[in-house]
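The opening position of the sequence shown corresponds to residue 46 in the numbering used here, with each subsequent residue numbered one higher.
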Amino acid sequence: MTIEHTATSPDAELFLRDFRSLSRIGETPGGGVDRQAATVADAQARAWFTALLGQYGFTVEVDAVGNVFGLLEWNPGAPYVLVGSHLDSQPLAGKFDGAYGVAAALHAGRRLAAGHDPAHRPKYNLAVVDWFNEEGSRFAPSMMGSSVFTGKMAAADALAIRDTDGVSVAEALAAIGHTGSGTGPVPAACAEIHIEQGRSLEDSDTTIGLVHSCWAAEKFTVTVHGEQAHTGSTVIADRRDALLGASRLVVLLRELADRYPAGALHTSVGQLTVLPNSPVVVPRRVDLTMDLRSADEDVLAEAKQLLEQGIKLIEDEVRVRIEVRGSHAWGVRPYPAAGVDLARDCAGSLGLTSRPVYTLAGHDSINMNDVVPTVMLFAPSREGVSHNEGEFTGDSDLCAGVDVLTEVVRRLCEGALDG
């Protein structure tokens, strides 16, 4: 099959048409999208996906935690190459994160199906997937659907998790009609394409990123316990201000990052919930999340020790109690070198530039990489902007990524990474 890697070919025009229709679902006034997991907007995006799967000849299956699979079976009984990403988003997010990977996978599958010779039986079948709750903004932890699929989390545990309004995953999926009974396909290999969410490809004028490894990450849920008091009458010395303790944590996490050479450690604090959140009450409790990431696991381990020491100081100085619970973690995980070489060869065969890159963000392919040979590709992000309504990747880069993904998946279905 010959692939034209331009943004004006019929295949490219069809992809861009479908992707733009997806981008209107959950669109925000600022030009982004808000499609948090198992919301009405997410349900609409899933309806878009399943409708096109049917139109393009796939059989649809939904599993118990809402993962949606589009199946092409051309070798009955054989395992599947899984390709896809996620349709859910952060609040006030960009249109490309995750959604591009699902649309690209859909069109890679469509092209392969259209060009398939019925006399030829590939070694593996093909499954296009929308993983449930990759973002983890409404339900924590992130990468939930792929965690269940790969056996890292029990389905019952995932379904019991509740959002900040007390709605469980099971209840939310039932509300949008996406509680499935399927188990998903047996995987043989996996591929995912995603926007880079960084600027190394743009800075180096490179079209395709070949992800060779992920950074290690540790995520924590934290509760700062203080004592509720009057903001006017309670003297400063008597206060046990939970928000002050949380604020000190925010500063501590940034100071940890600044201790190391630039880029060695990334840290953040987010999703603060303040109780009772009144303008005239000293807060008694703050819930928040902490996130530490590094390409060097020794740096991450040292930073955790420094974090523990800093927390003890904050507790003593602010007179609060800080409860820290680990919520999600993964180590530095190389992707198969043979998969990187395969993707490089695919890009080169299409006349496209490529380079090895890390993924600093978490992706469902990180989970899949633990169970089957996995290829991860990046398309450039303008100025590295992501989790932001201003997120952007140009049409030519989007279409080039679909072209490379199509060739990668074709080779994976032929067993290119068997070994």
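Quick reminder that beta carbons are idealized off the backbone N, C-alpha and C, glycines included.
Next on the checklist: Counting C-beta neighbours from all protein chains within 10 Å, is the total for Ser323 16 or more, i.e. buried, or is it exposed?
Outcome noted: exposed
Checklist entry - Are the Cβ atoms of Glu459 and Pro55 separated by less than 7 Å? => result no
Checklist entry - Thinking C-beta only, is Phe60 closer than 7 Å to Val447? => result Contact flag set, yes.
Item to check | Straight-line Cα distance separating Leu127 from Ala461 | outcome: 14 Å
Item to check | Secondary structure of Asn170, DSSP reduced to three states | outcome: Shown here, Asn170 sits in a strand according to DSSP, grouped into three states.
Checklist entry - For Tyr403, which three-state DSSP category applies? => result Tyr403 falls in the strand class under three-state DSSP.
Item to check | Separation of Val325 from Ala236, as counted between CA atoms | outcome: 53 Å
Item to check | Anticipated Cβ contact below 8 Å, Gln135 with His432, distance rounded | outcome: 5 Å
Checklist entry - Where does the unbroken beta strand (DSSP E) through Leu395 begin, and where does it stop? => result In the DSSP assignment, Leu395 falls outside any beta strand (DSSP E) and carries neither an H nor an E.
Next on the checklist: Please classify Leu457 as buried or exposed, where buried requires at least 16 other C-beta atoms within 10 Å of its C-beta.
Outcome noted: buried
Checklist entry - What whole-angstrom Cβ distance do Gly181 and Ala150 have, given they're in contact under 8 Å? => result Contact doesn't hold; Cβ gap of about 21 Å is too wide.
Checklist entry - Which residues bound the beta strand (DSSP E) around Ala185? => result Per DSSP, Ala185 lies in no beta strand (DSSP E) and is assigned neither H nor E.
Checklist entry - Counting only runs that start and end within the region 417-443, where is the beta strand (DSSP E) found for 3 or more residues in a row? => result Those beta strand (DSSP E) runs which fall completely within the region 417-443 and span 3+ residues are 419-424.
Checklist entry - Counting only beta-carbon atoms, is Gly99 nearer than 7 Å to chain D? => result Protein chain content of the structure displayed is limited to a single chain, and chain D is not contained in it.
Next on the checklist: DSSP three-state label for Tyr380, please.
Outcome noted: coil
Item to check | C-beta atoms of Val256 and Met413 nearer than 7 Å | outcome: no
Item to check | Straight-line gap, Gly146 to Arg304 (C-alpha atoms, nearest Å) | outcome: 35 Å
Checklist entry - Span of the alpha helix (DSSP H) holding Val408? => result Residue identity differs from the one stated: residue 408 is His in this sequence, not Val. His408 -> no alpha helix (DSSP H), and no H or E assigned at all.
Item to check | Cβ-based neighbour list, Leu67, same chain, cut-off 7 Å, excluding 5 preceding and 5 following | outcome: Ala90, Trp93, Ala144, Ala148
Checklist entry - Name the DSSP bridge partner or partners of Met198? => result According to DSSP, which records beta bridges pairwise, Met198 is partnered with nothing at all.
Next on the checklist: Only counting the same chain, and skipping five residues up and downstream in sequence, which positions put a Cβ closer than 8 Å to that of Arg62?
Outcome noted: Its chain contains no residue whose beta carbon lies nearer than 8 Å to that of Arg62 once the 5 sequence neighbours on both sides are disregarded.
Next on the checklist: Quick test of your reading: His131 and Trp176, contact by CB under 8 Å. State the CB separation rounded to the nearest angstrom.
Outcome noted: Contact between His131 and Trp176 holds: their C-beta atoms lie close to 5 Å from each other, under 8 Å.
Checklist entry - Who pairs with Glu272 in a beta bridge, going by DSSP? => result Arg285
Checklist entry - Based on the DSSP output, what are the partners of Met335 in its beta bridges? => result Phe265, Val314
Checklist entry - Should the region 253-272 be called in touch with the region 324-339, which here means at least 3 C-beta pairs below 8 Å? => result Segments in contact, yes.
Item to check | Of the listed residues Leu204, Val231, Asp332, nearest to Ala123 (C-alpha basis) | outcome: Val231
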